[in-house]
Structures are given as structure tokens and as C-alpha cells.
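J.: Can you read through this structure? Questions will come right after.
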Amino acid sequence: MSQNNPAPPEPRRWGMFAVLLVGSFLPPLDFFIVNVALPSIQGDLGTSSSAEQMVISSYAALYAVTLITGGRLGDLFGRSRVFFLGLIGFTAASLLCGVAWSPWALIAGRALQGITAAVMAPQALASVQAIFPEAEKPLALGLYGAVFGLASVIGQALGGVLIALDLFGMGWRAVFLVNLPVAILVVLFGIPLLKRTGEQGSGRQGWNKLDPGGMLLSMLTLALLIVPLIEGREAGWPWWSWLSLAAAPLLARFFWRYESRLAQAGGTPLVDPAALRAPGLGRALLIALSFYSVASFFLLFSVYLQNALHFSALDAGLVFLPFGAGFLLGPLSTPYFRRHLGEWVNPIGMGLETAGFLGLAWLISATPDSMAPASTPLAVLLFFIGFGQGLGLPTLMKMITGRMAPAYSGMIAGIASSTLQASTALSVALIGGIFHTVLGGRDDPAAISHAFVVSALCIAFCLGAGVLLGMTLARRATAVSTQGRVSGA
Numbered sequence: 001m002s003q004n005n006p007a008p009p010e011p012r013r014w015g016m017f018a019v020l021l022v023g024s025f026l027p028p029l030d031f032f033i034v035n036v037a038l039p040s041i042q043g044d045l046g047t048s049s050s051a052e053q054m055v056i057s058s059y060a061a062l063y064a065v066t067l068i069t070g071g072r073l074g075d076l077f078g079r080s081r082v083f084f085l086g087l088i089g090f091t092a093a094s095l096l097c098g099v100a101w102s103p104w105a106l107i108a109g110r111a112l113q114g115i116t117a118a119v120m121a122p123q124a125l126a127s128v129q130a131i132f133p134e135a136e137k138p139l140a141l142g143l144y145g146a147v148f149g150l151a152s153v154i155g156q157a158l159g160g161v162l163i164a165l166d167l168f169g170m171g172w173r174a175v176f177l178v179n180l181p182v183a184i185l186v187v188l189f190g191i192p193l194l195k196r197t198g199e200q201g202s203g204r205q206g207w208n209k210l211d212p213g214g215m216l217l218s219m220l221t222l223a224l225l226i227v228p229l230i231e232g233r234e235a236g237w238p239w240w241s242w243l244s245l246a247a248a249p250l251l252a253r254f255f256w257r258y259e260s261r262l263a264q265a266g267g268t269p270l271v272d273p274a275a276l277r278a279p280g281l282g283r284a285l286l287i288a289l290s291f292y293s294v295a296s297f298f299l300l301f302s303v304y305l306q307n308a309l310h311f312s313a314l315d316a317g318l319v320f321l322p323f324g325a326g327f328l329l330g331p332l333s334t335p336y337f338r339r340h341l342g343e344w345v346n347p348i349g350m351g352l353e354t355a356g357f358l359g360l361a362w363l364i365s366a367t368p369d370s371m372a373p374a375s376t377p378l379a380v381l382l383f384f385i386g387f388g389q390g391l392g393l394p395t396l397m398k399m400i401t402g403r404m405a406p407a408y409s410g411m412i413a414g415i416a417s418s419t420l421q422a423s424t425a426l427s428v429a430l431i432g433g434i435f436h437t438v439l440g441g442r443d444d445p446a447a448i449s450h451a452f453v454v455s456a457l458c459i460a461f462c463l464g465a466g467v468l469l470g471m472t473l474a475r476r477a478t479a480v481s482t483q484g485r486v487s488g489a
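The numbering of the sequence shown is UniProt numbering, which starts it at 1 and goes up by one.
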């Protein structure tokens, strides 16, 4: 097929994409849904506080460190094939969690969930670059972003509903077993629909291109960074956490040199150094690193609502609904905004978040201690924070994945997702640490309110840095586009 007669787009691409989106929906859903189940799990299995932390952290850590490998496997063996292998593994892990007979059996199931979730999750984002024509990518990325908004809206609510219903006496086990019918339906309807599209390797050819050394080094490097960030503060920042953080950049450099040597020798590295030298990619990944600084907000705002204002868990959860509504609507609005604002959508979305957190800090600092902020301005601010994040996420993903050839779409999808997970861990560790440092040993409403205001300002600062970086990329893209139109004229 010549360049003048490009191959027509895959006619079943939207149905395929809908199936692959399940792999993007289930991992965040399973993160949110478990939080509500922890008290019931503790009562049934007798888990200690450290075991409860492991139920959360084993999933989060292994998910984060495996994403790059999962994305690259899709490039080599086919996104559909890898997606279904990940989905089947995730289903088996969910079954193990649902029938867990001890805390360690549950932790093992959660660890397996994290690994298999990372295998299936990048395939939807990679497919956007591989199977959609340029005109349809904004809508596809908008739907991809809306999936995260949907997971954040229904995750904790669904967990509470399932436990309250106590279907067939399953109690907390239902939050894991609910994945089984979803997976069965996806397999039954998805396998006839999906086929390999635009994939370079499969079978023996894919095995020949595997980079086991790179996979091991990448997972170790990310583990040295992610694990201490997740576990460090809860454990009181022991010596091993500082040693691990210090070793992470050293191993990262060794990993980069290993991949460079493999590429020079004619091999197929897990992370191709030449591909990562695409103009603007490093800056886009820095934006991604600042993007989920908002992650600490969910934890710290819950502490403020429940410990300073004495909201119940249910009432505190309801306060987040405007954020969830904004996060759901923002990605769906992205195609419209892109038509009118082009590359400026991402900095505008993150700018809305920045303004929202500055407004939230002002509103809480202006509210007397022990009194709840006025509900209407609070709901408006939370909506715009969620809307800004929902608007910024799809455009950020396009800024990253759009700089890579379709052959590397899985690799860059894994890198983008890993960067967002690292952003989450950094936010919870650093901004959460600032919150507890400001709070000191106090637990009165005034101290909690003040610590949250300081934390909200820190989040606004991180997002503001992302806005400035996004503006530089938007100016460059606008200049290139203008120059192209002039040259064409």
C-alpha cells in the first residue's frame, strides 16, 4: 500500500477499543473498591494493620513496576492476545482474593492482580495510536480518560453497596468476585471481535525480540523508587527506604546504558533509547510526573472531612461526587476543546486544577475551625478540579503517545502509565509527608485545617509547574503548525 493510498482504518476499531477499555477500567476500580472493604477484611481474617497496608501496597507497587513490560509485550505479541492473557490472569487472581483463607493468601492474590493488571491495562492506550486515524484519536483518548473518571466515581460506592447487600453471604469477598462475571462476558463477546491489528511480532518472532534483561532491570529500578515511596512513611522511613531511593537513579543509569548497548548491537530493547529522544517527549513526561500530584488530595481531604469536621465515611464520600462528575465530563469534552484550542487544552485543564486548589485553600482558610465550608462554592471548586484533570488527561496522553511510531505504542503507553503511577506515589509520600510534618502531633480541627491548606498549596504548585511546561510545548506546536500552513500556502 503506497503512501498515496494509505490502508483504510480497521472497520471494527470502536468495538475493539470498547473491549480493551475494560483493561483500563478494572485496575483503578479494584484499587478504589478495596479501600471500603478493609474493615470487613480485618474482622473476618484478623489482618494486622501492616497486613492491611500490604493488601493495598502489594497491588499498587507491582502494578506500577510491571506497566512498561506489559506495554512492550503488546507490541511484540499483539495487543489483543496480551490483553486476554492479562484479563484471564487478573480473573484468576480475583478468584484467589475472593476465596482467600488467610491474610497472606489475600496478599498473594493482590500481588498477582497487580502484575496481571499491568499486562492488560496499557493495551487500550496503545491501540489508540495503532488503529485510529488522526481525526478520531481525540474522541478515543477522551473515552480513555472518562474510564478513569467513571472508576473514581463508582469504585468506593460499589464496594460499599456490595458489602451492604452481602450477596449469598459473601460479604467483602464480593468486591473481588464481581470481576469474574465481567471477565467472562468480555471473553465471550471480545474474542470473536478482536483480532491483531498493526502489530509487528507474534509467536517465535515475538520471543526472539524479548529483552528479559531489560524487563528485569526496569522492574528493579521502578521497585527501588516506588516501594519506599509507598511503604516508607507508614514504616517511619527506615534505613532501607533511603538506601533504595539513593540506589534508584544509579540502577536507572545502568538500565539506560544496557538498553543503549543492546540497541547498538542490533537487538530489540524493552525501552528504545532512540525512540525516547523524540522532540518534546522528555518535557511531556515531566508534565505527567506533576499531573497526579492531585493523588494525595483524596487521602488528605478525607482526613480533613472526617477528623476536623467529623463527617461520616459516607458523607465524606458524597463530598467527592462533584469531583467525580467533573472528571467524567472533562474527557468527553476534550474533542470539542481540541477543535478550538488545539495543543493548549492540556495547560488550560491543568490551569483549572491549579486555580481550583488555590480557591480550595482560600475557602478552607477563610472558614472558621470545626465548620464545614459553604457547600455550593466547595462543590463548584471540586467540580472544576475534576473537570480540569479530566480535560488534561487525554491531551497529556496524546502529547506523549503521539510522539511515538505505532510500533512502539505499547512501550510508550507503559512508560506513560508508569510515570503517572510514580507521580501518584511521589505525591502521597512527599505532600502527605508535608501534611503530617505541619500537623505535628496535634489532632485539633485548626491544626488539621491548616495542614490541609498547606498541602493544597503544594499540589497547586506542582500542577502550576506542569502548566508552564505544557505552555512551552503548546507554543512550539502552534509555531510548527503555523509555519506548516505558511509553507503550504
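C-beta: ideal position from N, C-alpha, C; glycine also. Nothing here was measured: the structure is a model prediction, and the numbers come from that model.
(1) Starting from Tyr336 and walking both ways along the alpha helix (DSSP H), at which residues does that stretch end?
(2) For the candidate residues Ser102, Glu134 and Ala121, whose alpha-carbon lies nearest to that of Leu20?
(3) Excluding sequence positions up to five away, which residues of its chain have a Cβ less than 6 Å from the Cβ of Gln306?
(4) In whole angstroms, what is the alpha-carbon distance linking Met430 and Thr419?
(5) Using the Cβ count rule (16 or more neighbours within 10 Å means buried), how would you classify Met371?
(6) Looking only at its own chain, which residues have a Cβ that is under 7 Å from the Cβ of Leu180, when we skip the five neighbours before and after it?
(7) For Pro138, count neighbouring C-beta atoms within 10 Å of its own C-beta (all shown protein chains included) and say buried if the count is 16 or more, exposed if not.
(8) With three or more beta-carbon pairs closer than 8 Å as the criterion, would you say the segment 375-387 touches the segment 264-277?
(9) Three-state secondary structure (DSSP) at Trp344?
(10) By how many angstroms is the C-alpha of Arg283 removed from the C-alpha of Leu463?
(11) Do you know whose CA, among Glu231, Leu360 and His450, lies nearest Leu54's CA?
(12) Name the two residues that bound the continuous alpha helix (DSSP H) containing Ala111.
(13) Using 8 Å as the Cβ pair cut-off and three pairs as the minimum, do the segment 395-406 and the segment 357-373 touch?
(14) Leaving aside the five residues before and after Arg110 along the sequence, list all residues of the same chain whose C-beta is less than 7 Å from its C-beta, in chain order.
(15) Does the Cβ-Cβ distance between Leu289 and Leu251 come in under 9 Å?
(16) Using CA atoms only, rank isn't needed, just tell me which of Ser40, Leu318, Ile448 and Gln421 is closest to Ala174.
(17) If we require 4 or more residues per run, which alpha helix (DSSP H) segments fall completely within the segment 46-108?
(18) Considering only their Cβ atoms, is the gap separating Phe291 from Ser423 smaller than 9 Å?
(19) Nearest to Gly390 by alpha carbon, out of Thr66, Gly466, Glu134 and Leu150?
(20) Which value, in whole angstroms, describes the spacing of the CA atoms of Val428 and Pro11?
(21) Pull up the CB-CB distance for Phe327 and Ala140, whole angstroms please, since I reckon it's below 8 Å.
(22) With 16 other CB atoms within 10 Å as the buried threshold, where does Ala246 fall?
(23) Kindly indicate which three-state DSSP category Val178 falls into: helix, strand or coil?
(24) Below 8 Å on the Cβ atoms is my contact criterion, and I expect Ala425 with Leu286 to pass it. Report the Cβ-Cβ distance as a whole number of Å.
(25) Using alpha carbons as the reference points, say which of Leu87, Arg13, Tyr258 and Pro368 lies closest to Pro133.
(26) How many whole angstroms separate the CB atoms of residue 501 and Ala451, which I take to be in contact at a CB cut-off of 8 Å?
(27) Is it true that the CB of Val319 sits closer than 9 Å to the CB of Ile459?
(28) On the three-state DSSP scale, how would you describe Pro273?
(29) Give, in chain order, every unbroken run of the alpha helix (DSSP H) that is at least 4 residues long and sits entirely within the segment 420-466.
(30) Between which two residues does the alpha helix (DSSP H) harbouring residue 496 extend?
(31) Quick check on the burial criterion: 16 or more other C-beta atoms within 10 angstroms. Buried or exposed for Phe168?
(32) Nearest CA to the CA of Val453: which residue from Leu468, Ser365 and Ser417?
(33) Suppose you measure from the CA of Ile226 to the CA of Leu220; what does that come to, to the nearest Å?
(34) Would you say Ala155 and Asp44 are within 9 Å of each other, going by their C-beta atoms?
(35) Relative to the ligand COA, is the shortest distance from any of its heavy atoms to the C-beta of Tyr336 smaller than 8 Å?
(36) Nearest-angstrom Cα distance between Ala235 and Arg338?
T.: With the structure as the only source:
(1) Leu321 to Leu341
(2) Ala121
(3) Ala316
(4) A small correction: the amino acid at residue 430 is Leu; Met does not occupy that position in the sequence shown. Distance between the alpha carbons of Leu430 and Thr419 is about 16 Å.
(5) exposed
(6) Thr91, Ser94 and Leu95
(7) buried
(8) no
(9) helix
(10) 14 Å
(11) The question names Leu, but residue 54 in the sequence shown is Met. The residue with the shortest Cα to Cα distance from Met54 is Glu231.
(12) Pro103 to Met120
(13) no
(14) Val55, Ser58, Tyr59 and Cys97
(15) no
(16) Ser40
(17) 49-77 and 79-98
(18) yes
(19) Leu150
(20) 43 Å
(21) Not really, about 18 Å apart at Cβ, beyond 8 Å.
(22) exposed
(23) coil
(24) Not quite, the Cβ-Cβ distance comes to about 16 Å (not below 8 Å), so this is no contact.
(25) Arg13
(26) Since the first residue shown for the chain is 1 and the last is 489, residue 501 is missing from the structure and cannot be characterised.
(27) no
(28) coil
(29) 432-439
(30) Because the chain is modelled from 1 through 489, residue 496 falls outside the range shown and cannot be assessed.
(31) exposed
(32) Ser365
(33) 10 Å
(34) Reading off the sequence, residue 155 comes out as Gly, not Ala. Contact flag unset, no.
(35) Here there are no bound small molecules, and the ligand COA is not part of this structure.
(36) 45 Å
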